[in-house]
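K.L.:
Here you go, one structure.
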Amino acid sequence: MSGDVHLISPSPSSGAGGTVDWIGRFEEEILRDGQIDSARLNRARSSAARAGEPLATVLVKLGLCTESVVSTAVARAMDLPHRTLLPTDTLPPECANIKLAFLRTSEAVPVELKGNRLLLVMANPADLECADAVAYKTGLKVDRAVGLRSEILALIERQAPIEVNSLPVSIGAATEDADLERLIDLARGAPVVRWVEDLLALAIEASASDIHIESERTGLRVRIRVDGALQEIDRPLDGAPEAAVSRIKILAKLNIAERRLPQDGRIRVAVQGREIDLRIATLPSLHGETVVLRLLDQSAGHLTLDHLGLSAHALEMIRNAVARPHGMMLVTGPTGSGKTTTLYACLRHLISPELKFVSVEDPVEYEIAGVTQVQVKPEIGLGFGQALRSVLRHDLNVLMIGEIRDLDSASIAVEAALTGHSILSTIHTNSAPATVTRLIEMGIEDYLVASTVNAISAQRLLRRLCSECARPAALPTGLLERIMPHFSGDMPNGFLQSVGCVKCRGTGFRGRLSVAEVMPVSGNIQTAIMSRMPEQELRALAISEGMLPLICEGLRQAQAGQTSLDEVFAVLGTQYL
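For the sequence shown, this note's numbering gives the first residue as 19, with consecutive numbering after it.
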């Protein structure tokens, strides 16, 4: 291990645990616990060297090991006791002259006095200077023990002076002002700041799309959404749950005094060398405010069509549709199905200095070089309709509309397509044929739908199997017979199932892929649209002309070992089997 990579900032003092000799034993203990393998430990070691942070901190921050596992391994490696801090623990009276600010910075707290020996629980037990300082201030002999950083900081917060809430006040406003000042102080305190930073780092490392911070009677419940599924994480912050919410609101420049109404904000932060946009939404609930943070990794805006995981069949149809110089290419599906990401990939596929590209979005999720991106702002009168009417006067070739929401935006999109523009947009329907019905129900004439829409792609996202732990799946004969009509030739085989390992955080899946049923609007389908053919008959016609239904695309991805049959049925259902 490189000599300049330290687990915990060591003291030059000698003695048990006073040198860095124990670091090798710590790594052995961590590997023995089985939560991490040697490859991930090496990566964490490199991250610690680059960031100049202790390895223990990085292991927890990246979510590779729990705080409890790391703390216990440190105790075993340094041959020190491990002390769990309880809500009933307090600082001994003999330590009243030790400043809480010093204890916060040192991440250490004295909790027991037996005779003339004081037990000091430390997150960084190699910090002998802290132990010496406590011994000097108290005149006692200090014994070190290892504890969880979160428990240490929570105990210190419980000892913080609370006179601001106990002062006699004459009016309610004074109480609210005092409480607000205290909340601001807590939100700017080191424990809360570190808690928020560690939470963001963990979410980024896990490739999470959202962070949910929910206020409950017993404190905060924290979950992250990874590959579309929520996972609960252990992030205790005892004593001041509202301070964590206030910290996030301060970062997003929201009004921390307003806790009765929902608020929305957006900030950009740098985490682990990557720029991340955060969309923040607060919501008042029974036990306090709930916060959802949407993580928009700008690197996702650079995805191309080839990287979406689409089948070769769907990919060819989409490329053919967007290559046409005018008309509409619509992407449909429920919220969270990757529609906007597909539109961005289509834009990147078309980018050329010879063409003018404009997008109208609410909100602008990713920045794309070469595209003039317009943010809709309904609060100042700049809605989709107003923005679209304006951008059509800017001599554009390709227009991306974040979403066709109503007749106004649909009419402008159709008008632009009729006047020689290429339109890319999303719309909320469940299937490609249903989009035709939706447009007509909005008020668009059937002949305009038939003449302006080039293709409709209905898509979903399926979790991709972890390549490290996926295993062959044994399927019942009855199921194989049901899915066989969606394949040509012999009985399908090669299906895998999820298992779970360290690399996929026990879920069995890593990443997601798109599946899409793409319906090109051919001459026959144009005729069917103008005759108001029922949706199911239109679907059958599209399939006869080469459209592969979503369930078929999903089953073929499962046969290719990309996902599991359970995932296909969970996302796409079994109604078409």
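Built from N, CA and C at the ideal position, the CB exists for glycine as well.
Kindly indicate the opening and closing residues of the alpha helix (DSSP H) around Thr359.
P.N.:
To locate residue 359, count along the sequence shown from 1; it is residue 341. Counting along the chain, the alpha helix (DSSP H) containing Thr359 begins and ends at Lys357 to Leu368.
K.L.:
By the three-class DSSP mapping on this structure, what secondary structure does Phe44 have?
P.N.:
Translated into positions along the sequence shown, residue 44 becomes position 26. Residue state, collapsed to three classes: helix.
K.L.:
Which residue's Cα is closest to the Cα of Cys519: Pro494, Ser485, Leu531 and Ser532?
P.N.:
Numbered from 1 along the sequence shown, position 501 holds the residue referred to as residue 519. When only C-alpha atoms are compared, the closest one is Ser485.
K.L.:
Consult DSSP for Met617 and reduce its assignment to one of helix, strand or coil.
P.N.:
With the chain covering only 19 through 595, there is no way to say anything about residue 617.
K.L.:
Sort out for me which residues DSSP pairs His100 with in a bridge.
P.N.:
Residue mapping note: residue 100 aligns to position 82 of the sequence shown, counting from 1. DSSP, once it has assigned bridges, lists Val164 as partnering His100.
K.L.:
Measuring straight from C-alpha to C-alpha, what distance separates Pro143 and Ala163?
P.N.:
Taking the first residue of the sequence shown as 1, we reach residue 143 at position 125. Taking the first residue of the sequence shown as 1, we reach residue 163 at position 145. Approximately 7 Å between the Cα atoms of the pair.
K.L.:
If you draw a straight line from the alpha carbon of Glu525 to that of Leu457, how long is it in whole angstroms?
P.N.:
Numbered from 1 along the sequence shown, position 507 holds the residue referred to as residue 525. Numbered from 1 along the sequence shown, position 439 holds the residue referred to as residue 457. The question names Glu, yet the displayed sequence has Thr at residue 525. Going from the Cα of Thr525 to the Cα of Leu457 covers about 39 Å.
K.L.:
Just mark Arg407 as buried or exposed, buried being the case when its beta carbon has 16 or more other beta carbons within 10 Å.
P.N.:
Counting from one through the sequence shown, the residue named residue 407 turns up at place 389. Classification of Arg407: exposed, given that the 10 Å Cβ count is below 16.
K.L.:
Secondary structure at Thr322, three-state DSSP: helix, strand or coil?
P.N.:
Taking the first residue of the sequence shown as 1, we reach residue 322 at position 304. In the structure shown, Thr322 sits in coil (DSSP, three-state: anything other than H, G, I, E or B).
K.L.:
Output needed for His412: all residues of its chain with C-beta closer than 6 Å, excluding positions within five of it in sequence on either side, in chain order.
P.N.:
Here the question's residue 412 lines up with position 394 in the sequence shown. Excluding positions up to five away in sequence, the list is empty.
K.L.:
For His331, I'd like the list of residues in its chain whose CB is within less than 7 Å of its CB, leaving aside the five on either flank, ordered along the chain.
P.N.:
On the sequence shown, position 313 is the one that residue 331 refers to. Here the set comprises Leu566.
K.L.:
Is Val520 helix, strand or coil by DSSP?
P.N.:
The residue labelled residue 520 in the question sits at position 502 within the sequence shown. Coil at Val520, not helix or strand.
K.L.:
Buried or exposed for Arg337, going by 16 or more other Cβ atoms inside 10 Å?
P.N.:
Stepping through the sequence shown from its first residue, residue 337 is reached at position 319. Exposed, because fewer than 16 other Cβ atoms sit within 10 Å of the Cβ of Arg337.
K.L.:
Pick helix, strand or coil for Thr470, following the three-state DSSP scheme.
P.N.:
Numbered from its first residue, the sequence shown carries residue 470 at position 452. Here Thr470 sits in helix by DSSP.
K.L.:
Using CA coordinates, which residue listed in Thr359, Val382 and Arg243 is at the minimum distance from Leu321?
P.N.:
Here residue 321 is taken as the residue at index 303 of the sequence shown, counted from 1. Among Thr359, Val382 and Arg243, the Cα nearest to that of Leu321 belongs to Thr359.
K.L.:
Output yes or no for whether 8 Å exceeds the beta carbon distance between Gln577 and Gly512.
P.N.:
Taking the sequence shown and counting its residues from 1, the one referred to as residue 577 is at position 559. Taking the sequence shown and counting its residues from 1, the one referred to as residue 512 is at position 494. It is a contact, given that the beta carbons lie within the stated cut-off.
K.L.:
Look at Gly345 and Val467 and say whether their C-beta atoms are less than 8 Å apart.
P.N.:
If you number the sequence shown from 1, residue 345 lands on position 327. If you number the sequence shown from 1, residue 467 lands on position 449. No, Cβ-Cβ distance for Gly345 and Val467 is not below 8 Å.
K.L.:
To the nearest angstrom, report how far apart Ser27 and Glu232 are at their CA atoms.
P.N.:
In the sequence shown, counting from the first residue as 1, residue 27 sits at position 9. In the sequence shown, counting from the first residue as 1, residue 232 sits at position 214. Low confidence applies to Ser27: its pLDDT is 36, below 50, so where it sits in the model is not reliable enough to give any reading.
K.L.:
Give me the Cα-Cα distance between Met347 and Ala339, rounded to the nearest whole angstrom.
P.N.:
Stepping through the sequence shown from its first residue, residue 347 is reached at position 329. Stepping through the sequence shown from its first residue, residue 339 is reached at position 321. Looking at the two C-alpha atoms, the distance is approximately 6 Å.
K.L.:
Ends of the beta strand (DSSP E) at Gln18?
P.N.:
The chain is shown only over 19 to 595; residue 18 falls outside these bounds and no answer can be derived.
K.L.:
Could you check which residue in Leu573, Gly572 and Val539 has the C-alpha nearest to that of Arg557?
P.N.:
In the sequence shown, residue 557 corresponds to position 539, counting from 1. For Arg557, the nearest C-alpha among the options comes from Val539.
K.L.:
In the DSSP assignment, the beta strand (DSSP E) including Thr447 goes from what residue to what residue?
P.N.:
Counting from one through the sequence shown, the residue named residue 447 turns up at place 429. Segment: none, Thr447 is in no beta strand (DSSP E) and carries neither H nor E.
K.L.:
So what does Pro128 bridge to, in DSSP terms?
P.N.:
Locating residue 128 in the sequence shown gives position 110, where the first residue counts as 1. Its beta-bridge partners are Leu138.
K.L.:
Assuming Leu301 and Leu311 are in contact, meaning their beta carbons sit under 8 Å apart, how far apart are those beta carbons, in whole angstroms?
P.N.:
If you number the sequence shown from 1, residue 301 lands on position 283. If you number the sequence shown from 1, residue 311 lands on position 293. That belief does not hold up - the Cβ atoms of Leu301 and Leu311 are roughly 12 Å apart, past 8 Å.
K.L.:
Decide if the stretch 390–405 is in contact with the stretch 359–377; the criterion is three or more beta carbon pairs, one per stretch, under 8 Å apart.
P.N.:
Judged by Cβ distances under 8 Å, the stretch 390–405 makes contact with the stretch 359–377, as three or more pairs qualify.
K.L.:
Classify Thr329 as helix, strand or coil using the three-state DSSP reduction.
P.N.:
Taking the sequence shown and counting its residues from 1, the one referred to as residue 329 is at position 311. Looking at the sequence provided, one finds Ser at residue 329 rather than Thr. It is coil, neither helix nor strand.
K.L.:
Under 8 Å, with one C-beta from each stretch per pair, do the stretch 486–499 and the stretch 544–554 reach the 3-pair mark?
P.N.:
Output reads no: the stretch 544–554 does not touch the stretch 486–499.
K.L.:
CB Val309 to CB Ile268, shorter than 8 Å?
P.N.:
As a first step, residue 309 must be located in the sequence shown, where it is residue number 291. As a first step, residue 268 must be located in the sequence shown, where it is residue number 250. Cβ distance not < 8 Å, so Val309 and Ile268 don't count as in contact.
K.L.:
Using only alpha-carbon positions, find the residue among Arg481, Ile501, Val240 and Gly403 that is nearest to Ile422.
P.N.:
For the purposes of this step, residue 422 is taken as residue 404 along the sequence shown, with counting starting at 1. Taking only the C-alpha atoms, the option nearest Ile422 is Gly403.
K.L.:
Between the Cα of Ser355 and the Cα atoms of Val409, Arg481 and Met140, which residue gives the shortest distance?
P.N.:
Here residue 355 is taken as the residue at index 337 of the sequence shown, counted from 1. Nearest option by C-alpha distance: Arg481.
K.L.:
Answer with buried or exposed for Gly351, where buried requires no fewer than 16 other C-beta atoms within 10 angstroms of its C-beta.
P.N.:
Here residue 351 refers to the residue found at position 333 of the sequence shown. So Gly351 ends up on the buried side.
K.L.:
Below 8 Å, can you find three or more Cβ-Cβ pairs linking the stretch 121–137 to the stretch 103–112?
P.N.:
These segments touch.
K.L.:
Please confirm whether Asp51 and Val87 have their CB atoms less than 8 Å apart.
P.N.:
Residue 51 sits at position 33 when you count from the first residue of the sequence shown. Residue 87 sits at position 69 when you count from the first residue of the sequence shown. The answer is yes: Cβ separation under 8 Å.
K.L.:
Just grab the DSSP bridge partners of Leu480 for me.
P.N.:
Within the sequence shown, residue 480 is the residue found at index 462, counting from 1. Partner(s): Leu531.
K.L.:
Buried or exposed for Ile682, please, with buried defined as at least 16 other CB atoms from any protein chain shown within 10 angstroms of its CB.
P.N.:
Only positions 19 to 595 of the chain appear in this structure, which leaves residue 682 out of reach.
K.L.:
Here's the rule: buried if 16 or more other CB atoms are within 10 angstroms of the residue's CB, otherwise exposed. What is Leu325?
P.N.:
Here residue 325 corresponds to residue number 307 of the sequence shown, with the count starting at 1. Per the sequence presented here, residue 325 reads as His, with Leu not at that position. Exposed: under 16 other Cβ atoms inside 10 Å.
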